[in-house]
Amino acid sequence: MPMTDYSHLAEEQPILKQPLFWLLLICAVNFFAFLGGHSLWDVDEPNNAVCAREMLLAGNWWVPMFNGDYRFDKPILIYWLMIPLDALFGVNEWTARLPSAFAMTGLVLVIWGMTRRLMVASTSVFRDNSTACDNAALIAAGTFATALHIIVIARAAVPDPLLMLALGVALPALLISYLEQKQQPSERMPGLVIVAYIAIGLGTLAKGPIAGLMPLLIVAAFLTLMGDWRSWRLFHPFKGALIALAVALPWYVAVGILTHGAWLEGFIFHHNIDRFTDPLQGHRGFPGLYILSVLLGWFPWTGLLAAMLWFGSWRLKFLREEPVRLFMLCWIGVYILFFSIARTQLPNYVLPLFPAAAMLMAYGWTYASTEVRQRAVHWLVWTALVLSTGIVIGGGFGLEKQWPGEGYYILAMLPMLLASVWLIWKKQWLWKRNEQSGRGGIILAVAMAVSMLLLAGWSVKGIDHNKISNALAARATEAGFDGSELATFHYFQPSLLFYHGGRLPMLTEVGAVGAWLVAGKAVVMPQEALELLPKEIIPYLIVHDRVYGMYARRWLLLVSLQPQTPANIPTGKEG
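Taken in order, the sequence shown gives residues 1372 to 1946; the numbers are from our numbering.
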């Protein structure tokens, strides 16, 4: 099938009327504004940022390291992106988060292009109707770029956006190729299929085997429900697997050789198999966690997504006539089912299904009748009102309970609440003008962007002082303790290591603490841990700082010994 021509978008429209301009502007506001304006959030952000820094300082491009030891949690791709940025612009919050912001911007553009191509491939009705294709693509990409969880993850120094981008390219590309080859069979491997398997290989470098497993399960579910297993060859799975392996396998082999298999064992068995079979770090979840996290994460478009799911086809007979909807439902359903079975559960695990939700919603809206659209808009505005009210009231109480006197920072979400109220008030007037879908969506998108600007530039910066690692690190440096002279006892936060630099030994024995202090070094410990130290040492302690840890939820001390401490003072090492 011939490639879709997009040239009219640039030739016939001024820049202010081009969808890509507005999508990029939305991304600039939602993903990049104030990106480095606050300190890193424990634990994932500093874990990844510290690893990239240690690899940069060691000239190491192959083995993920953290605090002088192997970091088994994630493969190499996130560090390969962070290291050059650290080298060019310095190690800071902005460079740590930049790969995620760029990845999500790329995914927004991918969703726009893939949705448009899917509309053309799915039916002949849209092949000569560029306006309908453009509208569907803009709905999918625009709602995705303004959804709450997408904005949050785009601003986090984590590898999840890289996996989302990889699968956001791979899965729609496979579906488009399937639809086009059903119409015009070809013996050659289509270019889109090659791109899909390259993306899967990169996803494997970002998050591991899950990048290959999920497309396999999704395509298998789709072919099963379509009753079309005879078309499995259209996906070229064997050649595709070789392409994906050619991208990912060299690094896995290299890291296995360099660590004598230790890294592969820790990553595959502990951080993949054990995460599936056991609830690691207490992340047990609860029934319905992922359905709830998707609906809340899709705010403010929750009601529209729910409506498109509810009012669309569900009978298999009709779904087989709508392969795009069926594929997106398989994508969403397989993800939710798979990770609901897994024992370790976190909302971020199902983020790669969000592109499917965006394309499903756009596809459903494009085909919906006027009556269904009216109902969907009703669901949209009322759900936006209820959720924004809940966020403002519940978030305010939560902030006030956590940090008394700072609950007002939730007022950053007030634009969303006001926009929802206005849309409820003007809903019928807008609908009569046939502008409900367009103008109402623009109002919500703008309100969301304003709220995100206020959150990033005001609220998060305002509560940043409650994250004490930066202050503790600065106080330790001010007291004369460099990156080799600070340790922790009964306490550890990766952000403290990020902001102080060097190594941060985690002392576990009282004798080791005493020896460390006697050597003229400093320790960060909970205040109650003083009771574990020998009583004779307490009078000679210097408390350089006392802060309340936001994550530890207890008082923390930065302590050292007086320079004139007697040499024979008991340190606990004798026992």
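The C-beta atom is built at its ideal place from N, Cα and C for all residues, glycine as well.
Everything numeric in this text was worked out from a predicted model, so none of it was measured.
Fill in: Top-ranked residue by Cα proximity to GLN1716, from MET1597, LEU1663 and VAL1481
LEU1663
Worksheet item: Which of the three DSSP states, helix, strand or coil, is assigned to PHE1352?
Response: Outside the modelled stretch of the chain, which goes from 1372 to 1946, sits residue 1352, for which no answer is possible.
Worksheet item: In chain order, which beta strand (DSSP E) runs of at least 3 residues are fully inside the segment 1656-1725?
Response: none
Worksheet item: How close, in whole Å, do the beta carbons of GLY1407 and TRP1465 come, if the pair is a contact with beta carbons under 8 Å?
Response: 3 Å
Worksheet item: Run through DSSP, which three-state label would ILE1447 get?
Response: coil
Worksheet item: Can LEU1573 and LEU1448 be called in contact, C-beta distance under 8 Å?
Response: yes
Discussion item. Assuming ILE1913 is part of the alpha helix (DSSP H), what are its boundary residues?
Written reply: Premise fails: ILE1913 lies in the beta strand (DSSP E), 1912-1919, not in any alpha helix (DSSP H).
Discussion item. For the alpha helix (DSSP H) containing MET1535, name the first residue and the last one.
Written reply: 1531-1554
Discussion item. Which of the three DSSP states is assigned to ALA1739 in this structure?
Written reply: coil
Discussion item. Tell me the DSSP secondary structure of TRP1926 in three-state form.
Written reply: strand
Practice prompt. Using a threshold of 8 Å, state whether the C-beta atoms of ALA1727 and ILE1703 are closer than that.
Written response: yes
Worksheet item: Where does SER1931 sit, in a helix, a strand or coil, going by DSSP?
Response: strand
Worksheet item: Just reading off the alpha helix (DSSP H) that ALA1850 is part of, what are its end residues?
Response: It is not in any alpha helix (DSSP H) - ALA1850 carries neither H nor E in the DSSP assignment.
Practice prompt. Below 7 Å CB to CB, which residues in the same chain sit around PHE1515 once its five sequence neighbours on both sides are set aside?
Written response: VAL1479, ILE1482, ILE1521, PHE1725, PRO1726 and ALA1729
Worksheet entry | Contained alpha helix (DSSP H) runs [length at least 4] in the segment 1745-1827, N- to C-terminal order | 1785-1803 and 1807-1825
Item to complete: Tell me where the alpha helix (DSSP H) around PRO1897 begins and ends.
Response: No alpha helix (DSSP H) holds PRO1897; the beta strand (DSSP E) holding it covers 1893-1897.
Discussion item. To the nearest angstrom, how far is the alpha carbon of THR1517 from that of LEU1824?
Written reply: 12 Å
Practice prompt. Starting from the N-terminal side, write out each stretch of the alpha helix (DSSP H) that is 4 residues or longer and does not extend beyond the segment 1579-1607.
Written response: 1581-1597
Worksheet item: Exposed or buried, which one is THR1737 when buried takes at least 16 other CB atoms within 10 Å?
Response: buried
Worksheet item: My guess is that TYR1919 and GLN1864 are in contact by the Cβ rule of under 8 Å, so how many angstroms apart are they, rounded?
Response: No, TYR1919 and GLN1864 are not in contact; Cβ-Cβ is about 13 Å, not under 8 Å.
Fill in: Own chain, CB closer than 6 Å to LEU1536, minus 5 neighbours either side, in chain order
ALA1474, GLY1477 and LEU1478
Practice prompt. Just the C-alpha distance for MET1597 and TRP1451, rounded to the nearest angstrom, thanks.
Written response: 40 Å
Worksheet item: With distances taken between CB atoms, is the gap from LEU1843 to PHE1860 smaller than 8 Å?
Response: no
Item to complete: Under 8 Å by Cβ, that's how I've got LYS1578 and LYS1445 pegged, so tell me the actual separation to the nearest angstrom.
Response: 7 Å
Worksheet item: Whose C-beta lies closer than 7 Å to the C-beta of TYR1661 among residues of the same chain, with five residues either side of it excluded?
Response: ILE1707, PHE1710, SER1711 and VAL1721
Fill in: HIS1631 burial status per 10 Å Cβ neighbour count (16 or more: buried)
exposed
Practice prompt. Keeping to the same chain, check which residues put their C-beta closer than 8 Å to that of TYR1441; ignore five residues upstream and five downstream.
Written response: VAL1434, PRO1435, THR1630, ALA1633, TRP1634 and GLY1637
Worksheet item: Where does ASP1649 fall in DSSP's three states?
Response: coil
Worksheet item: Can you name, in chain order, every residue of its own chain whose Cβ lies under 8 Å from the Cβ of VAL1526, other than the five neighbours on each side?
Response: Rather than Val, the amino acid found at residue 1526 in this sequence is Arg. Excluding residues within five positions, the ones whose Cβ falls inside 8 Å are PHE1402, LEU1406, ARG1468, SER1471, ALA1472 and ALA1827.
Worksheet item: From this set, SER1759, LEU1758, TYR1779 and THR1760, which residue's C-alpha is nearest GLY1767's C-alpha?
Response: TYR1779
Practice prompt. Within the same chain, show all residues whose beta-carbon is closer than 8 Å to that of ASN1418, passing over the 5 residues directly before and after it, in chain order.
Written response: PHE1437, ARG1442, ASP1444 and PRO1865
Practice prompt. Measuring alpha carbon to alpha carbon, tell me which of LEU1427, TRP1412, LEU1428 and ALA1512 ends up nearest TRP1393.
Written response: ALA1512
Worksheet entry | Beta-carbon separation (whole angstroms), GLY1833 vs GLU1777, contact threshold 8 Å | 7 Å
Discussion item. Quick check on GLU1856: buried or exposed, where buried means 16 or more other Cβ atoms within 10 Å of its Cβ?
Written reply: buried
Worksheet item: For the alpha helix (DSSP H) that PHE1869 lies in, which residues bound it at each end?
Response: 1865-1871
Worksheet item: Would you report the Cα separation of ALA1420 and ALA1820, rounded to the nearest angstrom?
Response: 27 Å
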